[in-house]
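In what follows, a single structure is set out as structure tokens and then discussed.
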Amino acid sequence: MEAESKTTVSLSKSGNGGDVLSERDEARSGKFPLTVWEVMAISGVVLGFLLGLLGVYLTMPTSDYSFLKLPRTLQDLQVLRNDLESYTRDYTLQVLVGYNLVYIFMQTFMIPGTVFMSLLAGALFGVIKGVVLVVFAATAGASSCYFLSKLVGRPLVFSLWPDKLTFFQSQVAKRRQRLLNYMLFLRVTPTLPNTFINFASPIVDIPYHIFFLATSIGLIPAAFVTVRAGITLGELQSVGDLYDFQSIAIMFVIGVITVTPTLFGNKSES
């Protein structure tokens, strides 16, 4: 009886045998989920990004930069592209550093709108350079989110996505032997949101090398589709035009191929 009273509350067990959610997480779910130390850690990361952007700004020529803002519509993106084209030719390094800082910041803190940043990469740098840039920035941003979540993310994941966390943990536990295939499948297909995968992966004990490989490889198809569309930015009427039937079919086939070894592995083990 005494042992039962000391049992921690958890949604499920991780592959390494640790609790995904402890009794402390359960107790904190009804109030602000972060401690003062955790808020300070997040604030320090935000400050680091802001200082980096300030450094980029100070190295640019004196000009009117009122056009610089996170694009929320295709119209915003077209204005940003038109104004940045000349700066990209003359100040390529500063634009690249600024682009990466903004993209990684958005990925780290799960800020919507990275699809517009991917379109912008295509419009400014073309397909090949744009895909390389987007995959690099997206992988770096996802990695930043992974380590931030490893540091302070457990109570936030529980507060934001308790049901998805339960599902994700159960799927990871069943596919430990072929985890890379499963993570590639998740990256290629919209089974789970990428923002959730980035934040929840360290909580369910997905090793970083698996996370990194699946992210850097699995994001290539979507990055190619989006960057290619950025070249013909003026022809887009909505973000929905990015994913035509052919693009969706190709990504679905890739997703099936990546997960097939996992499915056969599960059958052989049962």
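In terms of my numbering, the sequence shown opens at residue 3 and continues consecutively.
All C-beta atoms, glycine included, are put in the ideal place defined by N, C-alpha and C.
Taking the alpha helix (DSSP H) that residue i belongs to, which residues open and close that run?
{"i": "PRO164", "result": "164-176"}
{"i": "GLY124", "result": "116-127"}
{"i": "GLN96", "result": "94-110"}
{"i": "VAL206", "result": "Taken as a continuous stretch (DSSP letters only), VAL206 belongs to no alpha helix (DSSP H), as it is neither H nor E."}
{"i": "PHE187", "result": "181-190"}
{"i": "THR37", "result": "Taken as a continuous stretch (DSSP letters only), THR37 belongs to no alpha helix (DSSP H), as it is neither H nor E."}
{"i": "ILE222", "result": "222-233"}
If you measure from the CB of residue i, is any heavy atom of the ligand HEM nearer than 8 Å?
{"i": "PHE149", "result": "The ligand HEM is not part of the structure shown, which contains no ligands of any sort."}
Using a Cβ-Cβ cut-off of 6 Å (strictly less than) and excluding sequence neighbours within five positions of residue i, which residues of its own chain qualify?
{"i": "GLY220", "result": "LEU186, ARG189 and VAL190"}
{"i": "GLY100", "result": "VAL58"}
{"i": "LEU55", "result": "LEU103"}
{"i": "ILE233", "result": "GLY124"}
{"i": "THR193", "result": "none"}
In the structure shown, what three-state DSSP assignment does residue i receive?
{"i": "ASP78", "result": "helix"}
{"i": "SER151", "result": "helix"}
{"i": "PRO195", "result": "coil"}
{"i": "MET42", "result": "helix"}
{"i": "PHE69", "result": "coil"}
{"i": "THR141", "result": "helix"}
{"i": "PRO63", "result": "coil"}
{"i": "ILE113", "result": "coil"}
{"i": "SER272", "result": "Confidence is the limiting factor: at SER272 the pLDDT is only 46, short of 50, which leaves the residue's position unreliable and the question unanswerable from this model."}
Am I right that residue i and residue j are in contact with their C-beta atoms under 8 Å? What's the rounded C-beta distance?
{"i": "ALA43", "j": "VAL154", "result": "6 Å"}
{"i": "PHE107", "j": "PHE51", "result": "5 Å"}
{"i": "LEU235", "j": "ALA125", "result": "5 Å"}
{"i": "LEU79", "j": "LEU121", "result": "6 Å"}
{"i": "ALA225", "j": "ALA140", "result": "7 Å"}
{"i": "GLN109", "j": "MET62", "result": "The Cβ separation is near 23 Å, so there is no contact."}
{"i": "VAL81", "j": "VAL229", "result": "Going by Cβ atoms, the distance from VAL81 to VAL229 rounds to 19 Å, so no, they are not a contact pair."}
{"i": "LEU215", "j": "LEU182", "result": "6 Å"}
By Cβ distance below 8 Å, which residues in the same chain neighbour residue i in space, the five residues on each side in sequence not counted?
{"i": "ASN18", "result": "Low local confidence applies: a pLDDT of 47 at ASN18 is under 50, so the model's placement there is unreliable, with the coordinate-based value given in what follows. Hits under 8 Å: ASP207."}
{"i": "TYR74", "result": "The sequence given here has Arg at residue 74, not Tyr. The answer, listed in chain order, is GLY115 and PHE118."}
{"i": "ILE222", "result": "VAL133 and VAL137"}
{"i": "ILE113", "result": "LEU72 and PHE107"}
{"i": "PHE127", "result": "THR90 and LEU135"}
Might you give, ordered along the chain, the residues of its own chain that have their beta carbon closer than 7 Å to the beta carbon of residue i, omitting 5 neighbours on each side?
{"i": "TYR148", "result": "ASN200, SER203, PRO204, TYR210 and PHE213"}
{"i": "PHE198", "result": "TRP163 and LYS166"}
{"i": "ALA29", "result": "Summary for ALA29: the model assigns pLDDT 42, below 50, so the residue's position carries little reliability; its value from the coordinates is reported in the next sentence. Excluding positions up to five away in sequence, the list is empty."}
{"i": "TYR93", "result": "MET62"}
{"i": "ASP27", "result": "Confidence at ASP27 is low in this model, with a pLDDT of 48, below 50, so the placement of that residue should be treated as unreliable; the coordinate-derived value is given next. Contacts found: ARG156, PRO157 and PHE160."}
{"i": "ALA144", "result": "GLN109, ASN200 and THR217"}
{"i": "ASN84", "result": "none"}
{"i": "SER146", "result": "ILE106, GLN109 and THR110"}
{"i": "SER31", "result": "Unreliable placement is indicated for SER31, whose pLDDT of 45 sits below 50; the coordinate value is still reported in the next sentence. Excluding residues within five positions, the ones whose Cβ falls inside 7 Å are PHE160 and SER161."}
{"i": "GLU40", "result": "VAL154"}
{"i": "TYR67", "result": "none"}
{"i": "LEU49", "result": "none"}
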